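Visitor: Chains A and B are the protein sequences, given in the same order.
Each residue of the first sequence is one higher than the one before, starting from 100 at the first, in this note's numbering.
Each residue of the second sequence is one higher than the one before, starting from 3 at the first, in this note's numbering.
Ideal Cβ positions, reconstructed from N, Cα and C, are used throughout, including at glycine.
Please read these numbers as outputs of a predicted model, since none were measured by experiment.
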Amino acid sequence: MTTEDTTRPARQRPKKAHVARGARVVAVGLASATALGLVGILAEPQRATTGSSNDPAAQPVPTVTGPILRIVVHHPVPDDGDDGNGPSYARPMVRRVDAPSTIPRASTHGSD
Amino acid sequence: MASRVQVIVNTAVEPDPVRSTMGFLEHLEALWSRFVPDSDISRLNMGAGGPVRVAPETLVLVRTMLEAWSATDGLYDPTLLPILVDAGYGTSKVDPRATTALPASAAVPSHPRECIGGIIVDDDDGTVTLPVGVTLDPGGIGKGLAADLAVARLLAGGTAGALVSIGGDLAAGGLAPDPAGWMIDVEHPIASIGPVMTVSIDHGGAATSSRVSRTWRVQDRQHHHIVDPRSGDESDTDLAAVTVFSRSGHHAEAFATAAILHGSDDVLEYLGSLDLSGVAVSVDGRIIASPDLHGTQSVDAGGPVP
């Protein structure tokens, strides 16, 4: 596991949703699929889970070798008072980016 | 779903959002996979015309399938599973022991509108009823919907922002780590070429339909999994891949399926008619992008796609 610490540069930003004060954590996890599961591989040793044993999300995930969990910590930014983190079903703002940032990004591609 | 999963979380509240998301996705896999004998989808497909009690998530899945079929005028069709199985895609790509069970009556509906209309989703009883012979395949919408649900779950749990990608079909919501939005590389169908472009979205989803990413060979013939519902045959589209950006992962996935069927001559007109952004790669290597994605840098087409 690797950890990076970044400070977002001070610059003009569009209004964004309200965020809690305090350090931000961006976790990026990559995992490969097993035959019958979406994920069967994590880099960390198996740990006891909390929560109800009937909660499927709390079931232990099998331990296998693999991939990479990278945590990037962003320093907090001023609260600009905006709120609304719920899902939106409006058309998204889509923009081609010619100078991509170094912040972790996803990829879209045909089925693996 | 036999796919790589990527999770990006901004300002997580729970202690291990990636692990809990993976657990949630495994839960959906157990409900929706046609390769799992006792999944809700497998039990529905073997339901022989009677009501089958399913999980709430599966009620959402089936209802989403029906809505997507209607929205795409049938170009996204969840009832084509017998065609895929007959063509050789009855076995999981990652575990040859995992196969699809179909009843003897399974057939592709000759009158899709009537059969789709005969699918009953009863939210009060928690059941779904399929007409005899009708079977459902979550492929083409399941990954996008799973990503939508996973993101919504993270946001409801207090996470400021989240992106979940399942096999390249993804959803994003809340506050992105970058002020410019969620960054998404659109991969070229030929992986060695590198991204076609990078796109940012403020929320919603992205999905790619490709005729070159998931293929198999039966005897001397190469097959792919893009079936054209209008003909009942594998699509002969001249597009290698189409990526669509939309308001949700499942919406993007259904319309990516519909868009690739339009071919290179019509794909932009189709996307424009729906106010969707997208980019396509033709089999001869041309990059075709909606006007809002043209950008200032040219894209290396990379030559024909094998």
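What is the rounded straight-line gap between the Cα of A:ASP182 and the Cα of B:LEU157?
Guide: Looking up residue 182 of chain A in the first sequence gives position 83. Looking up residue 157 of chain B in the second sequence gives position 155. Because the pLDDT of A:ASP182 is 43, which lies under 50, any placement of that residue in the model is unreliable, and the question is left without a value.
Visitor: Taking CB distances under 8 Å as the criterion, tell me whether B:LEU59 reaches chain A.
Guide: By one-based count along the second sequence, residue 59 of chain B stands at place 57. In the sequence as displayed, the identity of residue 59 of chain B is Glu instead of Leu. Chain A, which has no Cβ nearer than 8 Å to the Cβ of B:GLU59, makes this no.
Visitor: My understanding is that B:GLY135 touches B:SER107, with C-beta atoms under 8 Å, so please give their C-beta distance in whole angstroms.
Guide: Within the second sequence, the letter at position 133 stands for residue 135 of chain B. Within the second sequence, the letter at position 105 stands for residue 107 of chain B. With 8 Å as the limit, B:GLY135 and B:SER107 qualify as a contact, their Cβ atoms being about 4 Å apart.
Visitor: Per the contact definition of three or more C-beta pairs closer than 8 Å, is the stretch 275-288 of chain B in contact with the stretch 239-252 of chain B?
Guide: Output reads yes: the stretch 275-288 of chain B touches the stretch 239-252 of chain B.
Visitor: Does the stretch 15-26 of chain B come within contact of the stretch 205-220 of chain B, defined as at least 3 CB pairs closer than 8 Å?
Guide: Output reads no: the stretch 205-220 of chain B does not touch the stretch 15-26 of chain B.
Visitor: For the candidate residues B:ARG36, B:ILE85, B:PRO111 and B:ARG115, whose alpha-carbon lies nearest to that of B:THR74?
Guide: As a first step, residue 74 of chain B must be located in the second sequence, where it is residue number 72. Minimum Cα distance to B:THR74 is reached at B:ARG115.
Visitor: When the Cα atoms are used, what is the spatial distance from B:ILE186 to B:GLY51?
Guide: Within the second sequence, residue 186 of chain B is the residue found at index 184, counting from 1. Within the second sequence, residue 51 of chain B is the residue found at index 49, counting from 1. About 42 Å.
Visitor: Is B:MET67 closer than 8 Å to B:ILE143 when the C-beta atoms are compared?
Guide: As a first step, residue 143 of chain B is located in the second sequence; it is residue number 141 there, counting from the start. As a first step, residue 67 of chain B is located in the second sequence; it is residue number 65 there, counting from the start. Result yes, Cβ atoms of B:ILE143 and B:MET67 sit closer than 8 Å.
Visitor: Is B:VAL285 helix, strand or coil by DSSP?
Guide: The residue labelled residue 285 of chain B in the question sits at position 283 within the second sequence. It is coil, neither helix nor strand.
Visitor: Take B:ASP235 as the anchor and find which of B:VAL87, B:THR13, B:PRO140 and B:HIS29 has the nearest alpha-carbon.
Guide: Counting from 1 along the second sequence, the entry for residue 235 of chain B is found at position 233. Nearest option by C-alpha distance: B:VAL87.
Visitor: Find the residues of chain A that neighbour B:GLY183, judging by a C-beta separation of less than 8 Å, and give them in chain order.
Guide: Counted from its first residue, the second sequence places residue 183 of chain B at position 181. Those are MET192 and ARG194, listed as they occur along chain A.
Visitor: Starting from B:PHE247, trace the beta strand (DSSP E) in both directions and tell me its first and last residue.
Guide: Taking the first residue of the second sequence as position 1, residue 247 of chain B is located at position 245. 241-248 is the extent of the beta strand (DSSP E) around B:PHE247.
Visitor: Going along chain A in order, which residues have a C-beta closer than 8 Å to the C-beta of B:PHE247?
Guide: For the purposes of this step, residue 247 of chain B is identified with residue 245 of the second sequence, where counting begins at 1. Simply PRO191 and VAL193.
Visitor: Can you give me the C-alpha to C-alpha distance between B:HIS190 and B:ASP18, rounded to a whole angstrom?
Guide: Translated into the one-based positions of the second sequence, residue 190 of chain B becomes position 188. Translated into the one-based positions of the second sequence, residue 18 of chain B becomes position 16. Cα to Cα, the separation comes out at about 32 Å.
Visitor: Tell me the start and end of each unbroken alpha helix (DSSP H) in the stretch 71-136 of chain B that is at least 4 residues and wholly inside, in chain order.
Guide: Segments of the alpha helix (DSSP H) lying fully in the stretch 71-136 of chain B: 83-88 and 114-119.
Visitor: Looking at chain A, which residues of the stretch 104-135 of chain B have a Cβ within less than 8 Å of any of its Cβ atoms?
Guide: For the stretch 104-135 of chain B, which is checked against every Cβ of chain A, not one residue is closer than 8 Å.
Visitor: Whose C-alpha, out of B:HIS225, B:ILE290 and B:SER5, is nearest the C-alpha of B:VAL96?
Guide: On the second sequence, position 94 is the one that residue 96 of chain B refers to. B:VAL96 has its Cα closest to that of B:SER5, out of B:HIS225, B:ILE290 and B:SER5.
Visitor: Rounded to whole angstroms, what is the Cα-Cα separation between B:SER237 and B:LEU138?
Guide: Within the second sequence, residue 237 of chain B is the residue found at index 235, counting from 1. Within the second sequence, residue 138 of chain B is the residue found at index 136, counting from 1. If you take the alpha carbons of B:SER237 and B:LEU138, they lie about 19 Å apart.
Visitor: Buried or exposed, going by whether 16 or more other CB atoms sit within 10 Å of the CB of B:PRO111?
Guide: Position 109 of the second sequence, counted from the first residue, corresponds to residue 111 of chain B. It counts as buried.
Visitor: Indicate whether at least one CB of chain A lies closer than 8 Å to the CB of B:GLU69.
Guide: On the second sequence, residue 69 of chain B is found 67 positions in, with the first residue counted as 1. Not an interface residue.
Visitor: Go ahead and label B:PRO179 buried or exposed: buried means 16 or more other beta carbons lie within 10 angstroms of its beta carbon, across all protein chains shown.
Guide: Position 177 of the second sequence holds residue 179 of chain B. Buried, because 16 or more other Cβ atoms sit within 10 Å of the Cβ of B:PRO179.
Visitor: I need the boundaries of the beta strand (DSSP E) containing B:ARG223, first residue and last residue.
Guide: Mapped onto the second sequence, residue 223 of chain B falls at position 221. That run of the beta strand (DSSP E) goes 223-226.
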